[in-house]
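Enquirer:
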Amino acid sequence: MTPYVADPVYLNGQFLPLDQAGVSPLDRGYLYGDGVYELIPVYSRRAFRIDEHLARLQATLNGIQLANPLTVDDWKTVISKLIDAAPWEDQSIYLQVTRGADNKRDHAFPPASVSPGVFAFASPLVTTSAEVRATGVAAITVPDLRWSRCDLKVISLLANILARQQAVDQGCAEALLIRDGYLKEGAASNIFIVRDGVLLAPPKTQLMLPGITYDIILELAHTYGQALEVREITEAELRSADEVWMTSSTKEVLAITTLDGQPVGHGENAGRPGPLGEQMWRWYQDFKNSIMRKG
Ligand code: PDD
64 MTPYVADPVY LNGQFLPLDQ AGVSPLDRGY LYGDGVYELI PVYSRRAFRI DEHLARLQAT
124 LNGIQLANPL TVDDWKTVIS KLIDAAPWED QSIYLQVTRG ADNKRDHAFP PASVSPGVFA
184 FASPLVTTSA EVRATGVAAI TVPDLRWSRC DLKVISLLAN ILARQQAVDQ GCAEALLIRD
244 GYLKEGAASN IFIVRDGVLL APPKTQLMLP GITYDIILEL AHTYGQALEV REITEAELRS
304 ADEVWMTSST KEVLAITTLD GQPVGHGENA GRPGPLGEQM WRWYQDFKNS IMRKG
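Each residue of the sequence shown is one higher than the last, beginning at 64 in the working numbering.
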């Protein structure tokens with residue numbers, strides 16, 4: 064059986080086998096979910112958009128007032144050692160920084176003498192099969208019960224977890240989060256819709272994670288002259304969209320073809336992946352292959 068986590072993992076300055084990697088139960092990641100993370104896809108053993116992922120990690124650390132324990136070069140060294148040691152060509156690299164372990168439980172920050180906890184590992188990249196892409200996936204809508212700093216990629220993901228589990232319990236792949244009548248994103252993805260040939264994307268606010276894939280989709284829309292509007296999307300617009308897509312580092316661009324049990328889209332495309340989503344998936348593959356797979 065292929066292991067999900069490659070050996071070695073990186074923990075607090077050391078590369079060691081997963082079964083020897085232990086942390087204190089007083090670590091604030093464990094006690095409070097007080098930490099941040101990143102997930103970086105790796106294609107042909109090259110980390111994709113690594114500078115952007117490390118910049119988002121820094122922005123999240125700034126947002127929770129935690130000093131970055133590693134420099135960008137140090138992170139890149141850790142990442143490349145994990146990639147080299149892992150057996151797979153395509154991987155996902157998980158990075159996590161917590162506020163470390165004090166000798167007591169106290170909500171307020173620990174003293175500066177407490178070192179942050181740093182953990183990183185490589186996994187195989189699990190991509191969507193051609194069969195699933197051909198049919199698209201089902202999703203539900205749920206109220207967005209998260210806090211007001213969803214732009215920070217923090218490890219305290221309980222509201223996202225409960226939303227995703229609601230979707231899974233209903234045989235669906237994703238839960239779309241609606242706040243005050245507007246579509247924000249998915250439990251673990253950004254969401255785009257298409258109406259009358261125009262690609263619509265919710266704006267980056269504190270109520271949405273600024274996805275690295277989201278940015279690439281906007282760049283590709285500009286490159287290919289695709290009509291695009293970045294603006295708030297109402298629940299009614301979502302429900303009457305021609306196409307709905309989810310995007311993330313692991314899902315790339317994936318059509319949502321059923322929403323709350325109703326087919327997405329109209330006419331002969333109803334309940335099937337739409338043409339613009341398929342086009343965007345090809346543009347995304349071309350872009351990825353042009354910079355990752357060559358040489
Ligand atoms: N999740 N929004 C949320 C809430 C997410 O958790 C993610 C990614 C995204 C898409 O971001 P990106 O394009 O940078 O992957 C949007 C990752 C994959 C995860 O939690 O595992």
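Positions of the beta carbon are idealized from the N, C-alpha and C atoms, including for glycine.
Starting from MET343, trace the alpha helix (DSSP H) both ways and give me its first and last residue.
Expert: MET343 -> alpha helix (DSSP H) spans 338-355.
Enquirer: Comparing alpha-carbon positions, which option in PHE350, LYS351, VAL68 and ILE319 lies nearest ALA56?
Expert: Only positions 64 to 358 of the chain appear in the structure, and residue 56 is not among them; the question remains open.
Enquirer: Considering only DSSP beta bridges, list what SER311 is partnered with.
Expert: Its beta-bridge partners are GLU315.
Enquirer: Taking only the alpha-carbon atoms, compute the straight-line gap between GLY358 and GLN154 and give it to the nearest angstrom.
Expert: For GLY358, the pLDDT reaches just 45, beneath the cut-off of 50, and the residue's location in the model is therefore unreliable, although a value from the coordinates is still provided. Taking the straight line from one Cα to the other gives about 18 Å.
Enquirer: Give the DSSP-derived three-state secondary structure of GLY358 in the structure shown.
Expert: Because the pLDDT at GLY358 is just 45, under 50, the model does not fix this residue reliably, and the value given afterwards should be weighed accordingly. Coil at GLY358, not helix or strand.
Enquirer: So what does ILE241 bridge to, in DSSP terms?
Expert: Partner(s): PRO206 and LEU246.
Enquirer: Excluding the 5 residues preceding and the 5 following GLN222 in the sequence, name in chain order all residues of the same chain whose CB lies nearer than 7 Å to its CB.
Expert: A small correction: the amino acid at residue 222 is Ala; Gln does not occupy that position in the sequence shown. Correct list, in chain order: LEU208 and ARG209.
Enquirer: I'd like to check one pair, ALA238 with ALA250: are the Cβ atoms closer than 8 Å?
Expert: A contact, by the Cβ cut-off of 8 Å.
Enquirer: Looking at PRO273 and ASP214, is the spacing between their C-beta atoms short of 8 Å?
Expert: Closer than 8 Å, so yes.
Enquirer: When you compare only the Cα positions, how much space is there between SER120 and VAL217?
Expert: The amino acid at residue 120 is misidentified as Ser; the sequence shows Leu. Cα to Cα, the separation comes out at about 9 Å.
Enquirer: From the DSSP output, read off the bridge partner residues of THR297.
Expert: Answer is TYR245.
Enquirer: Tell me whether the beta-carbon of ASN332 lies closer than 8 Å to the beta-carbon of VAL181.
Expert: In this structure, VAL181 does not lie closer than 8 Å to ASN332 by Cβ.
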